[in-house]
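Numbered per the numbering used here, the sequence shown spans residues 92 to 269. Quick notes on the structure that follows.
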Amino acid sequence: MRKLENSELERKSIEAFKESEKTPIILVLEDIRSLHNIGSVFRTADAFLIEKIYLCGITATPPNKEIHKTALGATETVIWEHNDNVLEVIENLKKDNITTLAIEQVESAIFLQDFKVEKDKKYALVFGNEVYGVSQEAVALCDGSIEIPQLGTKHSLNISVSAGIVVWDLFQKINWNL
Numbered sequence: 092m093r094k095l096e097n098s099e100l101e102r103k104s105i106e107a108f109k110e111s112e113k114t115p116i117i118l119v120l121e122d123i124r125s126l127h128n129i130g131s132v133f134r135t136a137d138a139f140l141i142e143k144i145y146l147c148g149i150t151a152t153p154p155n156k157e158i159h160k161t162a163l164g165a166t167e168t169v170i171w172e173h174n175d176n177v178l179e180v181i182e183n184l185k186k187d188n189i190t191t192l193a194i195e196q197v198e199s200a201i202f203l204q205d206f207k208v209e210k211d212k213k214y215a216l217v218f219g220n221e222v223y224g225v226s227q228e229a230v231a232l233c234d235g236s237i238e239i240p241q242l243g244t245k246h247s248l249n250i251s252v253s254a255g256i257v258v259w260d261l262f263q264k265i266n267w268n269l
């Protein structure tokens with residue numbers, strides 16, 4: 092077994108990325124404090140051809156040196172928009188017939204492994220602050236909630252880890268009908 096060289100990975104150019112058909116997922120980041128977490132979510136969004144990221148509230152925006160450290164150029168490929176009000180973003184997404192889902196531990200949440208994607212449906216995933224999670228107001232406005240099952244003594248994951256887990260799960264269900 093031989094590790095592949097970067098030149099063998101057939102990476103898309105920025106132009107090819109922008110022209111590619113996108114995965115019908117939108118990410119909404121509510122009040123994310125860590126610039127490294129923001130950059131990491133951009134990188135995940137690039138890896139799975141995510142349609143767009145909404146940066147809400149205090150969530151910092153590119154260009155930013157600290158975001159760039161972990162995004163590694165993904166801020167140039169993934170479409171993003173800033174809005175001070177996450178509730179306005181969720182309301183607008185719902186008006187566009189996009190299913191909004193808080194990624195949070197709430198009553199009636201669906202465990203990630205049990206969540207079924209529907210063909211021809213677009214999803215917006217709302218991720219919250221590192222300490223407080225998704226605000227109660229945003230949770231109440233969403234169409235539902237997905238919870239990542241956790242079995243240890245800690246019942247929280249880093250926002251960028253949560254985004255990676257949920258995006259990968261939905262990506263594979265959308266693309267390979269799992």
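Where is the CB? At the ideal position from N, CA and C, for every residue including glycine. Small disclaimer: the values here were computed from a predicted structure and weren't measured.
Residues that residue i bridges to, as DSSP identifies them
i	result
residue 220	224
residue 120	146, 218
Beta-carbon proximity of residue i to residue j, cut-off 9 Å
i	j	result
residue 130	residue 168	no
residue 189	residue 215	yes
residue 149	residue 221	no
residue 157	residue 126	yes
Neighbour-count burial assignment, residue i, 16 or more Cβ in a 10 Å radius
i	result
residue 274	One cannot answer for residue 274 here, as it falls past the ends of the chain, which runs 92 to 269.
residue 70	Any question about residue 70 goes unanswered here, given that the chain covers just 92 to 269.
residue 187	exposed
residue 154	exposed
Run of the alpha helix (DSSP H) containing residue i, from where it starts to where it stops
i	result
residue 186	177-186
residue 105	105-110
residue 236	Unbroken run through residue 236 is the beta strand (DSSP E), 235-238; no alpha helix (DSSP H).
residue 135	126-138
Continuous beta strand (DSSP E) stretch holding residue i: start and end
i	result
residue 157	Not the beta strand (DSSP E): residue 157 falls in the alpha helix (DSSP H), residues 156-162.
residue 174	171-174
(request) Could you say if the stretch 228-242 and the stretch 182-200 meet the contact criterion of at least three C-beta pairs nearer than 8 Å? (result) yes
(request) Could you tell me whether the stretch 133-144 touches the stretch 256-267, where touching means 3 or more Cβ pairs closer than 8 Å? (result) yes
(request) Could you tell me whether the stretch 112-123 touches the stretch 202-217, using the rule of 3 or more Cβ pairs below 8 Å? (result) yes
(message) Between the stretch 197-210 and the stretch 235-247, can you find at least three pairs of beta-carbon atoms closer than 8 Å?
(response) yes
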